[in-house]
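J.: I have a structure I would like to understand better, so I am pasting it below and will then ask my questions one at a time.
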Amino acid sequence: MSSAQQVRRGRFITLEGIDGAGKSTHLSFIRDWLARHDVDAVFTREPGGTPLGEKIRELLLAPDTRVSLDAEALLAFAGRQQHIAEVIAPALDAGRWLVSDRFTDSTYAFQGGGRGVPFERIRALEEWVQRGLQPDLTLLFDLPLDVAAQRMSGTRVLDRFEQEAADFHQRVRDAYLRRAAAEPGRFAVLDSSRSIETIQADIANHLQTLWERG
Ligand code: ADP
Ligand code: MG
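Rendered as structure tokens:
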């Protein structure tokens, strides 16, 4: 492709947070916002996003899966590698935007913070699999555990992670906040104990900034 025809790389947005933080709720708002701005966007999720990834997702979330700490992290990154190769990189290269419900920060938070896999190990896998690929914007939906638990109560059968005790989820939340503090340029931390409308006004501002960025 000649430089005159070169397509501008798309934008990569990830949604993160403990279960019940509001990621799915705000995904549809983001979808509408991007459609209103005529942005060609792909919506995907992790674990998952490809046929292989969805099989790995089933394994990771099934309450009866027996898996070691490192195997869990490796499965997450195996699915991620496929996701990048098959979906994420092609979309960004074609100038499309891509929004993923969870990405690598989830591995740091759940397998790292929650389970205790050393961050350096996760970082080694991240470098291997992503080779520098990072989201342009990560929306971290942050709220106290008890509020999230209350919002989720009675909604559905809990998966293998949702079944974990409160201290696990507290470590997940703390790990997310540490990552956000370390990378303030990429993260937007949204206080998700507020009303949906208030949070969405914030999200719109972040999308607008990303949209205008040259
Ligand atoms: P996640 O995808 O992060 O697990 P969800 O988007 O499924 O979270 O939200 C969990 C529940 O909380 C849903 O029932 C949703 O309607 C509700 N919810 C999400 N955000 C808010 C909010 N700001 N205020 C009140 N309820 C909310
Ligand atoms: Mg969700």
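With numbering that gives the first Met the number 0, letter number 55 in the sequence shown gets 54, and the count goes up by one each step, no holes. Positions of the beta carbon are idealized from the N, C-alpha and C atoms, including for glycine. Small disclaimer: the values here were computed from a predicted structure and weren't measured.
Please classify Thr197: does DSSP put it in a helix, a strand, or coil?
T.: helix
J.: Which one or two residues does DSSP pair with Val223 in a beta bridge?
T.: A question about residue 223 goes unanswered here, because the residues of the chain that appear run from 0 up to 213.
J.: Just mark Trp96 as buried or exposed, buried being the case when its beta carbon has 16 or more other beta carbons within 10 Å.
T.: By the 10 Å Cβ count, Trp96 comes out buried.
J.: Enumerate, from N- to C-terminal direction, the unbroken alpha helix (DSSP H) stretches of 4 or more residues contained entirely within the region 55-134.
T.: 68-82, 88-92, 118-129
J.: Looking at Gly9: is its Cβ nearer than 9 Å to the Cβ of Asp104?
T.: no
J.: Tell me whether Ala165, by its Cβ, gets closer than 8 Å to a heavy atom of the ligand ADP.
T.: no
J.: Does the structure place the region 52-65 close enough to the region 104-123 that three or more beta carbon pairs sit under 8 Å?
T.: Not touching, per the Cβ criterion.
J.: Going by other Cβ atoms of all chains shown within 10 Å of its Cβ, with 16 needed for buried, is Glu182 buried or exposed?
T.: exposed
J.: According to the Cβ coordinates, are Ser192 and Leu142 closer than 9 Å?
T.: A Cβ-Cβ contact shorter than 9 Å links Ser192 with Leu142.
J.: On the criterion of 16 or more Cβ atoms from any shown chain inside 10 Å, does Thr64 qualify as buried, or is it exposed?
T.: Burial call: exposed.
J.: Leaving out five residues on either side along the sequence, give the residues of the same chain with a beta carbon under 7 Å from the beta carbon of Phe109.
T.: Phe160, Val171
J.: To the nearest whole angstrom, what separates the beta carbons of Val86 and Thr49, a pair I think is in contact under 8 Å?
T.: 6 Å
J.: Roughly how many whole angstroms lie between the Cα atoms of Leu144 and Leu74?
T.: 26 Å
J.: Nearest-angstrom Cα distance between Glu211 and Leu33?
T.: 13 Å
J.: State the start and end residues of the unbroken alpha helix (DSSP H) segment that holds Asp31.
T.: 22-35
J.: Comparing C-alpha positions only, which one of Asp173, Leu139, Val116, His82 sits nearest to Val128?
T.: His82
J.: Hey, Ile195 and Val98: beta-carbon distance below 9 Å or not?
T.: no
J.: Please classify Gln199: is it buried, with 16 or more other beta-carbons within 10 angstroms of its beta-carbon, or exposed?
T.: By the 10 Å Cβ count, Gln199 comes out buried.
J.: Given Tyr107, which residues of its chain have a CB within under 7 Å of its CB, disregarding the five upstream and five downstream residues?
T.: Phe118, Ile121, Ala174, Arg178
J.: Could you pull out every residue in the same chain whose Cβ sits closer than 8 Å to the Cβ of Leu209, ignoring the five residues on either side in sequence?
T.: Arg10, Ile12, Asp135, Leu136.
J.: So for Thr208, helix, strand or coil by DSSP?
T.: Residue state, collapsed to three classes: helix.
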